[in-house]
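Worksheet: one structure, shown below.
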Amino acid sequence: MPDARHFPPAPPLTLAEVAALVGASGEGAALITGTAPLALAGPGDVTFLTDRSFLPTLPDCRAAAVLITADLAAKAPPGGPERLIVANPKLAYARLAARFYPSHAPDGQTHPTAQIAPDATIGPGCQIDAFVVIGAGVSLGANSHIGAGSVIGAHVTIGPGARIGPHVTLSHATLGAGVVLLPGVRIGQPGFGYVPGPVGLEPLPQLGLVQIGDWVEIGANSMIDRGPAEDTVIGLGTKIDNGVHVGHGVRIGAHCVIVALTGISGSVTIGDGAMIGGQVGVADHVTIGAGAQVVSQSGLMRDVPPGAKVGGTPARDVRDWFAETALLARLREGRRDKTR
Amino acid sequence: MPDARHFPPAPPLTLAEVAALVGASGEGAALITGTAPLALAGPGDVTFLTDRSFLPTLPDCRAAAVLITADLAAKAPPGGPERLIVANPKLAYARLAARFYPSHAPDGQTHPTAQIAPDATIGPGCQIDAFVVIGAGVSLGANSHIGAGSVIGAHVTIGPGARIGPHVTLSHATLGAGVVLLPGVRIGQPGFGYVPGPVGLEPLPQLGLVQIGDWVEIGANSMIDRGPAEDTVIGLGTKIDNGVHVGHGVRIGAHCVIVALTGISGSVTIGDGAMIGGQVGVADHVTIGAGAQVVSQSGLMRDVPPGAKVGGTPARDVRDWFAETALLARLREGRRDKTR
Amino acid sequence: MPDARHFPPAPPLTLAEVAALVGASGEGAALITGTAPLALAGPGDVTFLTDRSFLPTLPDCRAAAVLITADLAAKAPPGGPERLIVANPKLAYARLAARFYPSHAPDGQTHPTAQIAPDATIGPGCQIDAFVVIGAGVSLGANSHIGAGSVIGAHVTIGPGARIGPHVTLSHATLGAGVVLLPGVRIGQPGFGYVPGPVGLEPLPQLGLVQIGDWVEIGANSMIDRGPAEDTVIGLGTKIDNGVHVGHGVRIGAHCVIVALTGISGSVTIGDGAMIGGQVGVADHVTIGAGAQVVSQSGLMRDVPPGAKVGGTPARDVRDWFAETALLARLREGRRDKTR
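Protein chains in written order, with the numbering used here: chain A, 4 to 343; chain B, 4 to 343; chain C, 4 to 343.
So, in structure tokens, the structure goes:
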């Protein structure tokens, strides 16, 4: 059960109400007070089961109800929680969890220490915490929350429903609706571009902006640079983990996933729905096709076709990479045998 | 000699007093004013020697005294600094350095700009710097120091003697005694968990906490996420370097070492005393056994047994990894010979 | 054309004035209003061309003038923008871009919320933004800009013309002239050094400083640690990208380039003009020679000679690394052929 001080629960629902919420058939007045994964669920909880290897544990599960597909329910041993048959148990679970432990809504208050430029436009219902700085000409959409100490540079535009954590810095950027930025995100600083001159490297002015699409979420301490001319763009619904670097002029499509500590060099293009693992490196000007999958720690030096799955450094078809790894191990073992 | 403005020295000690502090026999009223490594030590310094290749330089060392094992002292040429025989010279040196250049103790003052919730509990002797934000229900142990601009979210608990640098953000967390967080550490933000839905990825609510054990130290800009259900846990005395990512629900044991820029994916378990190099990546749900050692830049996709030493991507026994690297080089050389 | 709210343009120049600025011959009273790359340039723009594959597009380019070498101009088809013949078109372009879209100059104001120690020395013309903290004995050179919320620790020295972004933390450091630090940079925190003791790891006091040379630029969220005795040094004009970790006592020469997410372990030495790619890892005490080039994601365990070009983990001559990669792929293909 989540810690009630950190995650205060919403009022309980009856089992029938929960079933109605997720579109399942289910009856009864039993009170549901929360959600929990299979192994931790107690008598007032709804849980979910998607991995068939856990089916044998279901009779012993103490949850009041389990979200499960019809297919798996048919294979489950009798007993245990009431079944709530849904097409996508994990999604139903995520939504119920959000219902039972709602995240903090903006309180509509501006802390008296916040420094807000007189010509900034702040939508209704926003919460602006202590020591926030909002620059000239900023536009902040309704019901947004700006965490303590964040600095929003001049002329930045933020859509409604933004959740900006503490200690974020934003400049030269436009953000869509429902954007989530975790603490320490850096957006809009100049990209890394220099030209050799007679006495050293001289900066190439970075005159583009950063465009963050609706429902984008970006993890703690990630860094999104602006570029010299074309905008850096992150598409609708893309999710970026902690500590990711996105270079100048990168264009990332919609609904991509980029895992922690990955670095995307300047002018890279990433198609919709690509999934990029952690600690991946992408060389500049590379194009990654829509729906491509990149194994963690890969190094991409060439374009990746749509739908391809690549791994290794330099990155290649993931089957080839695995085959080469296995081949090298066999060669080593053979060599060792000969020397015995 | 350390810069006296940045590291103001404590009063000198006699050589006899220094010897007594480290449990060595040593006499004399010579004044010791500080510590310095072998190559930099001057007449008022204590130094140490643990690497036998430096023994020939000892007669020329200008330090007043050298911390050394009995074994090495017996092999040292005559002359040079007075010997202080100890079992662990580097440890004795570290403690003397802390004695001669004591770190800044909390001054017991709260800066007038700090914003502290009325129901927060602040122990005696704490120093709270400018622009700190401390949320509702926070408990801060005695003699802690919170650096400028740090934001402590509601209901966070911090043990006594904490040293929290500037610009740290903490939420949904419990910290033990003597915890050190360097600038820009991010603790307690939601882990990276989403469920595909009909129009995009939907967040899985992250309802666990982060538990940081006693004497844990975490480097600048490192990121420790909370998880969906089980707590993210970092055990007693573990030390984490800069820019490290620790995902949702990770469990790290006691006295581990994790070097800079490493990424630990969700639900990983790491046993006591494991040593993990820099830029290592660990896939989710992997278990690393107690005392295991992981070479820098390795990629762990499978469990690592206790005490094992692994390297490469995918990680394997470090001897196999080195052998494969060498074998491939030999094959390349052979191939080149044939084509000449 | 850059967004005029974010990048307000300076007054136009005539083509003759632009030519004079870059040392080209060129005449005419046509008004030049800005700069833009080849594909985006409009009638009032100056552009540049350095890649001969774009020569055929030149007649269709709408720019007023193009910066180009005499060699390429001789090969260009007729028509299109007026030629401005210069030895280094990209450098001339960068300087013109800085002329047309000048970066924000310090406004000479100190925000009333800034907390500045009474004995700090602030040069003339500085801009100090909201919620900045400047400690005892700090010296800040003329015409510097300290961004919102940055924390400058006691006795830090900063040369003239510094541009310190928001949310930077600085301690135990000396910075030269014209240093640029992007948001979230961490400088001067203690390096990662511990000594095993009877009940756990004990910190080795970190008593050195960080010295940042003139014209050094450091990217967002990068981390530069101080060391136990010798200073961490970054030489004149070196440029460091986002999210880079520089460990205790590292010595980096002049005019080096270090790309994002690279980690440099303690006591590494890097010679002048070295170029280090992204996500590179360098083991402690390694020496990288002047002018060496290190491919992204390499892992350096041994010294690199001056001028060498290395890649892979463990890093080796880049030609050998590529040859080994190709050889392994051929072996895999051969093996697959046999099994068919």
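All C-beta atoms in this analysis are idealised placements derived from N, C-alpha and C, irrespective of residue type, glycine included. Values in this document were obtained by computation on a predicted structure and should not be read as measured data.
Along the beta strand (DSSP E) that carries residue i, what are the first and last residues, could you check?
i                      : result
residue 197 of chain B : 197–200
residue 8 of chain A   : Looking at the DSSP string, residue 8 of chain A is not in any beta strand (DSSP E), and its letter there is neither H nor E.
residue 117 of chain B : Premise fails: residue 117 of chain B is in no beta strand (DSSP E) and is neither H nor E.
residue 30 of chain A  : Segment: none, residue 30 of chain A is in no beta strand (DSSP E) and carries neither H nor E.
residue 214 of chain B : 213–215
residue 209 of chain C : No beta strand (DSSP E) contains residue 209 of chain C, which DSSP labels as neither H nor E.
residue 282 of chain C : That residue, residue 282 of chain C, is in no beta strand (DSSP E); it is neither H nor E in DSSP.
residue 236 of chain B : 235–237
residue 177 of chain A : 176–178
Would you kindly report the start and end of the unbroken alpha helix (DSSP H) that includes residue i?
i                     : result
residue 24 of chain A : 18–25
Name the one or two DSSP bridge partners that residue i has.
i                      : result
residue 265 of chain C : For residue 265 of chain C, which the question treats as bridged, DSSP gives no partner whatsoever.
residue 112 of chain A : In DSSP, residue 112 of chain A forms no bridge with anything.
residue 320 of chain A : A:313
residue 205 of chain A : A:198
residue 226 of chain B : B:189, B:248
residue 302 of chain B : B:284
residue 166 of chain B : B:148, B:183
residue 36 of chain A  : According to DSSP, residue 36 of chain A bridges with nothing at all.
residue 220 of chain B : B:183, B:242
residue 328 of chain C : Paired residue(s): none; residue 328 of chain C is not in a bridge.
residue 98 of chain A  : Per DSSP, none; premise fails for residue 98 of chain A.
residue 142 of chain B : B:124, B:160
Determine whether the beta carbon atoms of residue i and residue j lie at a separation below 8 Å.
i                      : j                      : result
residue 144 of chain A : residue 168 of chain A : no
residue 293 of chain C : residue 320 of chain C : no
residue 280 of chain A : residue 297 of chain A : yes
residue 216 of chain A : residue 238 of chain A : yes
residue 295 of chain A : residue 277 of chain A : yes
residue 88 of chain B  : residue 100 of chain B : no
residue 67 of chain B  : residue 84 of chain B  : yes
residue 200 of chain B : residue 218 of chain A : no
residue 299 of chain B : residue 288 of chain B : no
residue 335 of chain C : residue 330 of chain A : yes
residue 18 of chain A  : residue 35 of chain A  : yes
residue 142 of chain A : residue 113 of chain A : no
residue 268 of chain B : residue 283 of chain B : no
residue 194 of chain C : residue 229 of chain C : yes
residue 156 of chain C : residue 170 of chain C : no
residue 147 of chain B : residue 126 of chain B : yes
residue 116 of chain A : residue 133 of chain A : yes
residue 166 of chain B : residue 186 of chain A : no
residue 290 of chain C : residue 272 of chain C : yes
residue 212 of chain C : residue 177 of chain C : yes
Return the chain-ordered ranges of every beta strand (DSSP E) run that is complete within the segment 38–92 of chain B and spans a minimum of 3 residues. 48–51, 68–71, 85–88
At a Cβ cut of 8 Å, what residues of the segment 202–224 of chain C count as close to chain A, listed as they run along the chain? Within the segment 202–224 of chain C, the residues whose Cβ lies closer than 8 Å to some Cβ of chain A are 218, 220, 222, 223, 224, listed in chain order.
Can you give me, in chain order, the residues of the segment 91–112 of chain C that have a beta carbon less than 7 Å from any beta carbon in chain B? none
Using a Cβ-Cβ cutoff of 8 Å, what residues of the segment 133–144 of chain C are near chain A? List them in chain order. 133, 134
Against chain B: residues of the segment 245–266 of chain C by CB proximity under 8 Å: 246, 248, 250, 264, 266
Listed from N- to C-terminal order along the chain, which residues in the segment 179–199 of chain A have their beta-carbon within a distance smaller than 7 Å of any beta-carbon of chain C? 187, 189, 192, 195, 197, 198
Closer than 7 Å, Cβ to any Cβ of chain B: which residues of the segment 288–305 of chain C, in chain order? Taking 7 Å as the Cβ-Cβ cut-off against chain B, the residues of the segment 288–305 of chain C that qualify are 302.
Residues of the segment 152–172 of chain B with Cβ closer than 8 Å to any Cβ of chain A, in chain order: 152, 154, 157, 158, 170, 172
Report the residues of the segment 228–246 of chain B with a CB closer than 7 Å to any CB of chain C, ordered along the chain. 240, 242, 244, 245, 246
Taking beta-carbon pairs under 8 Å, can you tell me which members of the segment 46–80 of chain C lie near chain A? none
Would you list, in chain order, the members of the segment 302–333 of chain B that have their beta-carbon closer than 7 Å to a beta-carbon of chain C? 328, 331, 332
Could you please tell me which residues of the segment 268–287 of chain C, in chain order, have their CB closer than 8 Å to any CB of chain B? 268, 282, 284, 286
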